[in-house]
Each structure stands twice: as C-alpha cells, then as structure tokens.
Amino acid sequence: MMRVRGFILPVCLLILGLASLLTLSLWQGVINAEESIAEFAAMRERFEIMDRIALTPVSELASINCIHADNRWQTLVRALREGGGCRVESLDGHAYYLLQDLGEDACLRVGDSAAHHWRVAVIDETRRGQVLMTHQIIRGSSMPCSRLNAHQVASGVVSWHVLQV
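Taking this note's numbering, the leading residue of the sequence shown gets 199, the next gets one more, and so forth.
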C-alpha cells in the first residue's frame, strides 16, 4: 500500500507539469498570433499607400525630377532602392516613386490618338524590398496608323506587378 502512495504523488506532479506546459504554449501561440495580425495590418497599410500612388494618373505624378530616362525596369528598381525618385508623404507613411516614359505606339489607339505608355514604380520608405509597378496608357499624339493594324485600347492602368527585390 505504501508503494502505491509513493507513485500517486509523482504522477500528479507530472500531470500538473504537463497542464502548465500546455497552458504556457497556448498563451504563447495567442501572443504570436496577435503580433502576426498587427504586423500584417501594418504591412497592408503600407501597401495601400503604395497602391494609391501607383494608381494615380500619370498626369498628376509627372514632374521633371521623377521621370527615369532608361526604360529597363531593373535600372528603375535600382534607382528607387538607392533613394532616387519623388517622395510622397501621407499620414500613414512615406513612399518614393519614379516614372518611365515607354513611348507611344501608333497602332494602339486611345480614341483617335496613339497610346502613350508609362510605367509607374513605387517603393515604401520603410520596406525597400518590395516594389509596386503599374503600366498606364494615356492618350498620346495623333500619329498615323493604317486601319488594318490599328487596335483600340482603353486608357488607364493596364497591368500591375509586385516585385520582391
């Protein structure tokens, strides 16, 4: 009988230890989940700032200082990462953007004019590893194109990409 009593105490202590360890790990999971949710919300707010800038019409963003001469996207990203571009401040944070003039295509038509293509690249000040790029088409000059080769396109944002650099 004495032998059974000596066995009950270690088993009870083992069960209490396992229960406390389970409770501790459960709370740690809750705390980690809250931190992840807060980090995701902050990341989403920063992305929304970048999104607002990238979707702004080119005519509002155009400035001599913000137009990048080379039309390769790699040089654009490098220039942004090195601190180039125009800074946009908002209540939520800061971002930089650069524009690339990709030229006109006479046979892609916006109404009766040639389509002028622009690339808008935006990088967040706090996270320089993520670049948001949009390709926008606006009405250009009235360059001639034969009716057989002409294709009508809508002006505005054609495509967008998020790059991890």
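Heads up, the beta-carbon is just placed ideally off N, CA and C, and yes, glycines get one too.
Original post:
Any idea what DSSP makes of A252, helix, strand or coil?
Top reply: Taking the first residue of the sequence shown as position 1, residue 252 is located at position 54. DSSP places A252 in helix when its eight states are reduced to three.
Subject >> First through last residue of the alpha helix (DSSP H) which encompasses T324 >> reply: Here residue 324 refers to the residue found at position 126 when the sequence shown is read from its first residue. Segment: none, T324 is in no alpha helix (DSSP H) and carries neither H nor E.
Original post:
Using DSSP with H/G/I as helix, E/B as strand and the rest coil, what is V346?
Top reply: Against the sequence shown, residue 346 aligns to sequence position 148. Per the sequence presented here, residue 346 reads as Leu, with Val not at that position. It is coil, neither helix nor strand.
**OP:** Going by DSSP, name the residue or residues bridged to A319.
**Re:** Residue mapping note: residue 319 aligns to position 121 of the sequence shown, counting from 1. Residue pairing for A319: DSSP places it in a beta bridge opposite L296 and M331.
Subject >> Helix, strand or coil at V308 [DSSP, three-state] >> reply: Position 110 of the sequence shown holds residue 308. DSSP places V308 in strand when its eight states are reduced to three.
**OP:** Give me the Cα-Cα distance between C305 and V355, rounded to the nearest whole angstrom.
**Re:** Residue mapping note: residue 305 aligns to position 107 of the sequence shown, counting from 1. Residue mapping note: residue 355 aligns to position 157 of the sequence shown, counting from 1. Distance between the alpha carbons of C305 and V355: 18 Å.
Original post:
Would you report the Cα separation of A252 and G215, rounded to the nearest angstrom?
Top reply: Stepping through the sequence shown from its first residue, residue 252 is reached at position 54. Stepping through the sequence shown from its first residue, residue 215 is reached at position 17. Each residue's Cα considered, the two are about 55 Å apart.
Original post:
For the stretch 279 to 287 against the stretch 331 to 338, are there 3 or more C-beta pairs whose distance is under 8 Å?
Top reply: no
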